[in-house]
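S.K.: Below: one structure in structure tokens.
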Amino acid sequence: MPAGSIEEGLSQAKEIIGKYPREQRFLLAALQDIQKHYNYLPREALALVQEHFSVPMSRLYSMATFYKALTLKPKGKYVIKVCDGTACHIRGSSLLVEELQRLLRIAPGETTTDGKFSLETVNCLGSCAIAPVMVINDQYYGRVTTAAVGKILEDLEAKE
Amino acid sequence: MIITIDGKQCEAQYGEYILDVARRNNIFIPTLCHSDALPGQGNCRLCIVEVLEGKRRRVVVSCSYPVKGEVEVLTNTEKIRKMRKNLIRLLAAAAPDSDFMRDLQREYGLEEEERFQVYRGEDCILCGLCVRACEEVGIYAISTVNRGITKKVSTPYAEPSAVCIGCGACARVCPTGSIKMKEENGRREIWGKTFALLPCPGCGKPFITREELAYVQAKTGLEPAEILCEKCRQKRAARKMRDVFKDVTMK
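Protein chains in written order, with our numbering: chain C, 1 to 160; chain X, 1001 to 1251.
As structure tokens, this is what we get:
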């Protein structure tokens, strides 16, 4: 996942926004692109969006807090999504969440202080056949056990 | 055309909302999120009525249901009362300390219940009138943030808004008194921002923020001396009326 930092300036954000015509219907697409680039919506970037699309900050803030795909706080390098849909729930997904909480010391919706991991629960990933499912960035893990969770995290740490 | 509301014949225009027709004919329908200045919000559902149209009989929201034929409207049937009662129960859980909700609870013989989680100290039913009022004024300082059970009305980042002019339209339009606006010693505090109040050129009472005065001036082109507090405005209008009709004698 490309993760830009705010230090490298807002030139990227400017470039992303600049691709869109100044029409409100492109707002969400622009916000999504910014989210993808920075892993969150930096306040400074929102100010640029406000300027480009001539839309009130209150409306942007409303959108940014409404959509789950948009966040105002930086997400971790690895976003761990644990499925808590019916099938996964029955097959013990809550145990996975507990184990992850214990290992990472964060609650769902939070990010570790080192910025490496974010933990989220989602409602269904459509892969009920391999429940319980976990997705880290774009990698799917099926039939996950609590023991496997530790191993997966270790592997990710080792990659660093 | 003529529509019948609770047995009373009422003159109505095509496309007019049932609620407006009822109000004009002194037929009371309870509302919470309705404001004459910002109609058609349709959020609180308190104003539900039954509409009989031919063989069809259905429940509609009277504040946003336009009259399109010579229908019969019933505002207080057994069914409506039952449905409204449930709406009041839910709304009262969201706004337990609102006087309006307390009155309604009493009227419908309801008490505070343990069944619902009661949200104390907020009294917001998320009708969105405040947000619409702010947009209508043209400021866009507040909006709804988050969604679902964490949805609320707030300024961006919950910080004092850079654009708010402290006009207080949001607080005035709020049906449950949930928006806190404090006024003391010539200062007004709202949404975490404090404004100095300027005196009315008529009576000298502090009534408007510097920011609002500038905004009104820019929008209307009025001189500061012409922008008066509500009471002085009424007096001025009354004086004008008197002058106009000074020489008219009733025959």
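All C-beta atoms in this analysis are idealised placements derived from N, C-alpha and C, irrespective of residue type, glycine included.
#1: Closest Cβ-Cβ distance between X/Ala1218 and chain C: below 8 Å?
#2: Closer than 7 Å, Cβ to Cβ, to anything on chain X: give me those residues from the stretch 50–74 of chain C, in chain order.
#3: For chain B, find out if any of its Cβ atoms is closer than 8 Å to the Cβ of X/Arg1132; answer yes or no.
#4: Short check: CB of X/Ile1142 to CB of X/Arg1084, under 8 Å?
#5: What three-state label does DSSP hand X/Met1083 in the structure shown?
#6: Hey, how far is the Cα of X/Val1021 from the Cα of X/Gly1015?
#7: Considering just the uninterrupted stretch of the alpha helix (DSSP H) at X/Cys1232, what are its terminal residues?
#8: Using beta carbons (cut-off 8 Å, strictly below), is X/Ile1002 in contact with chain C?
#9: Measure from the C-beta of X/Ile1179 to each C-beta in chain C and report whether the shortest distance is under 8 Å.
#10: Check whether the Cβ atoms of X/Gln1105 and X/Ala1092 lie closer than 8 Å to each other.
#11: Which residues does DSSP list as the beta-bridge partners of C/Gln139?
#12: To the nearest angstrom, how far is it from the Cα of X/Gly1148 to the Cα of X/Lys1240?
#13: Provide the residue span of the alpha helix (DSSP H) that contains C/Ser93, from first to last.
#14: Please determine, among X/Met1101, X/Val1118, X/Cys1127, the residue with the shortest C-alpha to C-alpha distance to X/Leu1110.
#15: DSSP puts X/Ala1196 in a beta bridge; with which residues?
#16: For the stretch 33–103 of chain C, which segments carrying the alpha helix (DSSP H) assignment without a break, of at least 4 residues, lie completely within its bounds, in sequence order?
#17: C/Met1 by DSSP, collapsed to three states: which one?
#18: Provide the residue span of the alpha helix (DSSP H) that contains X/Leu1129, from first to last.
#19: Tell me whether X/Val1071 sits in a helix, a strand or coil according to DSSP, three-state version.
#20: Just the C-alpha distance for C/Thr65 and X/Asp1123, rounded to the nearest angstrom, thanks.
#21: For a contact defined as C-beta to C-beta under 9 Å, what are the partners of X/Ile1142 on chain C?
#22: Closer than 9 Å between beta carbons: that is the criterion. Which residues of the stretch 1152–1172 of chain X meet it against chain C?
#23: Of the residues X/Cys1164, X/Leu1222, X/Pro1030, which one's Cα is nearest the Cα of X/Val1137?
#24: Flag this pair as touching only if the stretch 125–141 of chain C and the stretch 72–88 of chain C have three or more C-beta atom pairs under 8 Å; answer yes or no.
#25: Who are the Cβ neighbours of X/Arg1058 in its own chain at under 8 Å, not counting the five residues just before and after it?
#26: Run the CB neighbour count on C/Ser54, radius 10 Å, all protein chains shown included, and call it buried at 16 or more, exposed below.
#27: Pick from X/Ile1002, X/Lys1008, X/Asp1099, X/Cys1127: whose alpha carbon is nearest that of X/Leu1046?
M.R.: Reading off the structure:
#1: no
#2: Pro56, Met57, Ser58, Arg59, Tyr61, Ser62, Thr65, Phe66
#3: The structure shown contains no chain B; its protein chains are C and X.
#4: no
#5: helix
#6: 11 Å
#7: 1230–1244
#8: no
#9: no
#10: yes
#11: C/Ile136
#12: 51 Å
#13: 93–104
#14: X/Met1101
#15: X/Arg1187
#16: 43–53, 57–66, 86–90
#17: The predicted model places C/Met1 with a pLDDT of 42, which falls under 50 and marks its position as unreliable; any figure quoted below should be read in that light. Correct three-state label for C/Met1: coil.
#18: 1129–1137
#19: coil
#20: 22 Å
#21: Ser58
#22: Ser1154, Thr1155, Pro1156, Tyr1157, Ser1161, Ala1162, Val1163
#23: X/Cys1164
#24: yes
#25: Glu1050, Val1051
#26: exposed
#27: X/Cys1127
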